[in-house]
Amino acid sequence: MMTSVFANSAVTDEVRRRLLFQGEVFVYAASPATTELIGFARELISEAFGDVNPETAQHEMPVEEFAKLLADLKPRFIHHPRCKKLLPAVIEERGCDLGQTYFDVPRLRTSTSNDYLVSGISYAFHPHRDCWYSAPFSQVNWWIPVYDVVPENVMAFHPRYFDQPVRNGSAGYDYAEWNRTSRQSAAGHIRSDTRVQPRPEEQIELEPQVRVVPEAGGTLMFSGAQLHSTVPNTSGRTRFSIDFRTVHLADVRAHRGAPNVDAECTGTTLRDFVRCNDLAAMPEDLALDYEARALAGVS
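Numbering follows my numbering, with no gaps: position 211 of the sequence shown is 198.
The following block contains the structure:
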């Protein structure tokens, strides 16, 4: 399959979601809301790193100290009440219906250069689909760089696999169990990461691949079913980025989304999502329905 990249497209959210579910990718220039979001992230990053340039701090700090700093910084950003106001503004700018669109918490991600820290709190993701991790197939991923990025420190899409199955370990993954046993231990994995996560169980051909390089504050949108990976960072700088996910209630109810070609996980991430306009939780009957269908092997 060939993936097309739509730049600053004016299509409606409904049309965009349909195209995303077919494997297309969208990218938008920085906007007032995303500029405010990355500005807030930069404030917290600056507070954490002090006089040290966060993009080059890895060359000046012991890796244990760097990991400890991130272990404090990342949860502060993720759970900060200001993010619950900034994210709906970003989502609204992209033409989404705030009464029908739900979002999860924004993650502040880091990708360090030259294998300085690639596990735990700064995990370098192998090729994967979010759907291997109990995400609904209607999930849309949003990715925003906090500082300027280059092809050597972004992510790569592997579009030939969008509709081609990959043998993987998702059958052993349950989202509730992961939250109970593995999520909280991320900061303790510095030299290696022993947590069991779904991985490809066959050789992945990384080429052809697509790398999109947005400006700082630009937004990259793609389906949670896209096979993607962290590019080996050889830029000499740590990449900081923000990502979060959205689902549209009508898609969730109708089980509308990208095709499931190879995910066998159980559980669901739906309870992580709240409604944009009032932060109401995802209806529990939908989460229960998705859990039941996953146990039955129905996508």
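Backbone N, C-alpha and C fix where the C-beta goes; we use that ideal spot for every residue, glycine too.
Beta carbon of residue i nearer than 8 Å to that of residue j
| i | j | result |
| --- | --- | --- |
| Ala245 | Ala267 | no |
| Thr256 | Ala281 | no |
| Cys263 | Ile65 | no |
| Asp230 | Asn128 | yes |
| Phe149 | Leu214 | yes |
| Gly204 | Ile32 | no |
| Ile104 | Lys61 | Here the sequence assigns Leu to residue 104, which means Ile is not the residue at that position. No, the pair does not count as a contact, with Cβ atoms beyond the cut-off. |
| Pro187 | Arg154 | yes |
| Arg243 | Ser125 | yes |
| Thr21 | Ile131 | yes |
| Ser222 | Val137 | yes |
| Val199 | Leu207 | yes |
| Thr97 | Arg232 | no |
| Phe260 | Val234 | yes |
| Asp59 | Ala35 | yes |
| Pro152 | Val248 | yes |
| Phe8 | Ser157 | no |
| Ala274 | Trp119 | no |
| Ala283 | Val133 | no |
| Leu193 | Tyr89 | no |
| Asn(-5) | Ala16 | yes |
Extent of the continuous beta strand (DSSP E) run through residue i
| i | result |
| --- | --- |
| Ile131 | 127 to 132 |
| Val77 | Premise fails: Val77 lies in the alpha helix (DSSP H), 70 to 80, not in any beta strand (DSSP E). |
| Phe144 | 142 to 144 |
| Arg94 | 94 to 98 |
| Phe124 | It is not in any beta strand (DSSP E) - Phe124 carries neither H nor E in the DSSP assignment. |
| Tyr89 | 88 to 90 |
Per-residue DSSP class, three states only, for residue i
| i | result |
| --- | --- |
| His46 | helix |
| Asp150 | coil |
| Asp117 | helix |
| Asp161 | strand |
| Met(-11) | coil |
| Phe36 | helix |
| Asn166 | helix |
| Pro62 | helix |
| Gly26 | helix |
| Leu85 | coil |
| Glu192 | coil |
| Thr181 | Model confidence at Thr181 stands at a pLDDT of 47, short of 50, so the residue's coordinates are unreliable and nothing is read from them. |
| Phe8 | coil |
| Ala20 | helix |
| Leu57 | helix |
| Leu104 | coil |
Those residues which DSSP pairs with residue i across a bridge
| i | result |
| --- | --- |
| Val2 | Looking at the DSSP assignment, Val2 forms no beta bridge with any residue, so it has no partner. |
| Tyr15 | Thr206 |
| Ala(-6) | Val14 |
| Thr217 | Met142 |
| Asn155 | Pro187 |
| Val197 | Phe144 |
Residue i CB to nearest heavy atom of the ligand SAM below 7 Å
| i | result |
| --- | --- |
| Arg226 | No copy of the ligand SAM occurs in the structure displayed, which carries no ligand at all. |
C-beta neighbour in chain D for residue i, strict 8 Å
| i | result |
| --- | --- |
| Arg116 | The chain inventory of the structure shown lacks chain D, comprising one protein chain alone. |
Unbroken stretches of the alpha helix (DSSP H), 4 residues or longer, contained in the stretch 221 to 283: 236 to 241, 271 to 282
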